[in-house]
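Undergrad: Heads up: the sequence lines are chains E and H, in that order. By the numbering used here, the letter at position 57 of the first sequence is numbered 76, and the numbering carries on one by one without gaps. By the numbering used here, the letter at position 100 of the second sequence is numbered 170, and the numbering carries on one by one without gaps. Each residue gets a CB set at the ideal place from its N, CA and C atoms; glycine is no exception.
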Amino acid sequence: RKEVEQDPGPFNVPEGATVAFNCTYSNSASQSFFWYRQDCRKEPKLLMSVYSSGNEDGRFTAQLNRASQYISLLIRDSKLSDSATYLCVVNNDNSGYALNFGKGTSLLVTP
Amino acid sequence: GAGVSQTPSNKVTEKGKYVELRCDPISGHTALYWYRQSLGQGPEFLIYFQGTGAADDSGLPNDRFFAVRPEGSVSTLKIQRTERGDSAVYLCASSSGGVTDTQYFGPGTRLTVL
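1) Tell me whether residue 155 of chain H sits in a helix, a strand or coil according to DSSP, three-state version.
2) Please tell me whether residue 75 of chain E has its Cβ less than 9 Å away from any Cβ of chain H.
3) Per DSSP, what kind of secondary structure is residue 99 of chain E in: helix, strand or coil?
4) Taking residue 120 of chain E as the query, report the chain H residues whose CB atoms sit under 7 Å from its CB, ordered along the chain.
5) Per DSSP, which one or two residues make a beta bridge with residue 39 of chain E?
6) 9 Å is my cut-off, CB to CB: does residue 36 of chain E come that close to chain H?
7) Please list the terminal residues of the continuous beta strand (DSSP E) segment that includes residue 132 of chain E.
8) When Cβ atoms are compared, which residues of the region 49–74 of chain E fall closer than 9 Å to chain H?
9) From the DSSP secondary-structure annotation, give me the bridge partner or partners of residue 75 of chain H.
10) Within a Cβ cutoff of 6 Å, which residues of the same chain sit near residue 113 of chain H, ignoring the five residues on either side of it in sequence?
11) Between the region 150–168 of chain H and chain E, which residues of the former have a C-beta closer than 7 Å to a C-beta of the latter?
12) What residue range is occupied by the uninterrupted beta strand (DSSP E) comprising residue 22 of chain E?
13) Could you work out which residue in E:78, E:59, E:117, E:64 is closest to residue 130 of chain H when comparing CA atoms only?
14) Using a beta-carbon distance below 9 Å, is residue 129 of chain H in contact with chain E?
15) Of the choices H:145, H:94, H:109, whose alpha-carbon is the least far from that of residue 27 of chain E?
If you want it as structure tokens, here you go:
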């Protein structure tokens with residue numbers, strides 16, 4: 020079983036829609052959580068860190084539920100430029116530095 | 071400032087050959103990481119350097135893979151006797167060195183083993 024599981028999608032949504040991605044992780048000792056964005060044939064880039072209290076960055080909201088080992092990302096008012104793969108990322112519990120990535124969820128925002 | 075750079079951007083080789091992939095981290099970053107991303111998968115951790123030493127090489131798949139960072143800056147990932155299954159994008163990342171510091175990724179080297 021992979022440490023980080025995500026629905027690969029694709030999610031096809033119209034501009035302006037709200038879309039939510041979910042992710043589960045298996046290791047309860049994991050300490051740090053992130054969402055990365057990856058455009059086609061490009062490198063992953065940090066979108067936002069995820070905190071237990073939940074955090075928001077503009078149209079993006081991330082939530083962490085440690086009890087359920089569940090992470091979510093909500094995108095409001097989707098833009099065409101949001102089309103990308105969203106990677107759920109959890110740190111390696113032993114070392115705290117190696118990142119464990121999910122397979123990614125593909126989002127396509129259409130006009 | 072300049073980000074992480076990787077060369078070559080693409081490498082095509084034949085099964086059994088030796089390849090070297092280079093990573094130039096962000097200036098001043100003490101931590102350097104190598105990941106491998108196969109088609110349709112997320113990146114998988116290979117090795118982590120703090121300064122010149124490999125602090126954790128537990129992700130290297132077998133002894134055909136080796137990485138060095140002799141002066142604590144540029145790193146080279148070396149793959150001996152390449153196999154078709156080694157075909158992937160090899161990503162390098164660097165960070166300021168703290169365990170929770172943001173890792174910044176380079177554009178990757180796309181390796182194709184024929």
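TA: For this structure:
1) For the purposes of this step, residue 155 of chain H is taken as the residue at position 85 of the second sequence. In the three-state reduction of the DSSP assignment, residue 155 of chain H falls in the helix class, which pools H, G and I.
2) Indexing the first sequence from 1 puts residue 75 of chain E at position 56. Chain H contact via Cβ: absent.
3) Sequence index remark: in the first sequence, residue 99 of chain E carries index 80 (1-based). In this structure, residue 99 of chain E counts as helix in the three-state DSSP scheme.
4) Mapped onto the first sequence, residue 120 of chain E falls at position 101. Those within 7 Å of residue 120 of chain E in chain H are 112, 113.
5) By one-based count along the first sequence, residue 39 of chain E stands at place 20. Among the bridge pairs identified by DSSP, residue 39 of chain E is matched with E:93.
6) Translated into positions along the first sequence, residue 36 of chain E becomes position 17. No, residue 36 of chain E lies away from the interface with chain H (no Cβ there is under 9 Å from its Cβ).
7) Beyond the ends of chain E as shown, which are 20 and 130, falls residue 132 of chain E; an answer cannot be given.
8) Answer in chain order: 50, 51, 53, 55, 57, 60, 61, 62, 63, 64, 65, 68.
9) Walking along the second sequence from the start, residue 75 of chain H turns up at place 5. Answer is H:94, bridged to residue 75 of chain H.
10) Mapped onto the second sequence, residue 113 of chain H falls at position 43. In chain order, 105, 107, 161 place their CB closer than 6 Å to the CB of residue 113 of chain H, counting only its own chain and leaving out the 5 sequence neighbours on each side.
11) Within the region 150–168 of chain H, the residues whose Cβ lies closer than 7 Å to some Cβ of chain E are 161, listed in chain order.
12) Taking the first residue of the first sequence as position 1, residue 22 of chain E is located at position 3. Where residue 22 of chain E is concerned, there is no enclosing beta strand (DSSP E), given that its DSSP letter is neither H nor E.
13) By 1-based counting over the second sequence, the position of residue 130 of chain H is 60. Taking the Cα of residue 130 of chain H as reference, the smallest distance to any Cα among E:78, E:59, E:117, E:64 is reached at E:117.
14) Position 59 of the second sequence, counted from the first residue, corresponds to residue 129 of chain H. Residue 129 of chain H counts as touching chain E.
15) Taking the first sequence and counting its residues from 1, one reaches residue 27 of chain E at position 8. Nearest of H:145, H:94, H:109 to residue 27 of chain E, Cα basis: H:109.
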